[in-house]
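Residue 141 is where the sequence shown starts when you use this note's numbering, and the numbers rise one by one after that.
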Amino acid sequence: MITRGVIGIALLISLFILAGCATNSLNLAERAEAYDAYIVEKKLEKLDRITTFRFDGWADLGEQHLIISTNVNRMYLLTFKNKCFDLHHSQAIKINQTGSVLQTKFDSIEVVDDFPMRCFIDGIYKISREQRRELIAIGRDKESTEEDVAKAETAD
Numbered sequence: 141m142i143t144r145g146v147i148g149i150a151l152l153i154s155l156f157i158l159a160g161c162a163t164n165s166l167n168l169a170e171r172a173e174a175y176d177a178y179i180v181e182k183k184l185e186k187l188d189r190i191t192t193f194r195f196d197g198w199a200d201l202g203e204q205h206l207i208i209s210t211n212v213n214r215m216y217l218l219t220f221k222n223k224c225f226d227l228h229h230s231q232a233i234k235i236n237q238t239g240s241v242l243q244t245k246f247d248s249i250e251v252v253d254d255f256p257m258r259c260f261i262d263g264i265y266k267i268s269r270e271q272r273r274e275l276i277a278i279g280r281d282k283e284s285t286e287e288d289v290a291k292a293e294t295a296d
């Protein structure tokens, strides 16, 4: 039995795809909504923490989502409690974590800037390499998507 919510999500994703075809790219707010819809559609499991976490690389997805990778080549999608301004323009980030554990609610990402801002982690989702490619491609035109994926893969 298909619920009304599932149909609504499918329609929302279709709308984003059609809008992406018409405009070539989505703005930050539209991309944030599309990433949230992706989490629901793919039924990504929300984690409270990553144990023995050692940061290795990252790929920004706007102001509310970030992909990070660890030294053991695992990837995670992070969501933030609030918008993390300038994240999508930042050349560097700092991770404020509890020991060797990265936790929701307590730990944060900091944009290294003239005015550092802490972005508290609301959700952590383990993702595959393919899911990372799909997330990077959301709302971006084909040319910039290929560049972003290549950049993210060299960070591995």
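Cβ coordinates follow ideal geometry from the N, Cα and C atoms, glycine included. Quick caveat: nothing in here was measured; it's all calculated off a predicted structure.
Neighbour-count burial assignment, residue i, 16 or more Cβ in a 10 Å radius
i: G263; result: buried
i: H229; result: exposed
i: A162; result: With a pLDDT of 48 at A162, under the threshold of 50, the modelled position of this residue cannot be trusted, and the question is left open.
Among the options, nearest to residue i - alpha-carbon criterion
i: E185; options: L217, R258, L227; result: L217
i: I115; options: W198, R214, L168; result: With the chain running from 141 to 296 in the structure shown, residue 115 is simply not present.
i: S240; options: E270, L227, N211, M257; result: N211
i: R171; options: R189, L242, Q204; result: Q204
i: I190; options: T238, Q271, D254; result: T238
i: I179; options: M215, D188, T219, R214; result: T219
i: L187; options: E181, I235, E173, Q243; result: Q243
i: P256; options: N213, D176, R214, N236; result: N236
CB contact flag (residue i, residue j, <7 angstroms)
i: K223; j: F260; result: no
i: S209; j: D196; result: yes
i: I233; j: I249; result: yes
i: G202; j: L166; result: no
i: L275; j: V251; result: no
Between the CA atoms of residue j and residue i - distance to the nearest angstrom
i: F193; j: A277; result: 26 angstroms
i: R280; j: R273; result: 12 angstroms
i: D253; j: Q231; result: 9 angstroms
i: F246; j: F225; result: 19 angstroms
i: K183; j: E173; result: 15 angstroms
i: D176; j: Q271; result: 13 angstroms
i: R214; j: Y265; result: 11 angstroms
Residue i: CB within 6 angstroms of a non-hydrogen atom of the ligand GDP
i: P256; result: Inclusion of the ligand GDP in the displayed structure is not the case, the ligand content being empty and no account of it being possible.
Query raised in the report: Of all the alpha helix (DSSP H) runs that stay within the bounds of the stretch 239-286, which reach a length of 4 or more residues?
Result: Qualifying alpha helix (DSSP H) stretches, in chain order: 269-277.
Query raised in the report: In the stretch 159-246, which residue ranges form an unbroken alpha helix (DSSP H) of at least 4 residues, counting only runs that do not cross its ends?
Result: Those alpha helix (DSSP H) runs which fall completely within the stretch 159-246 and span 4+ residues are 168-181.
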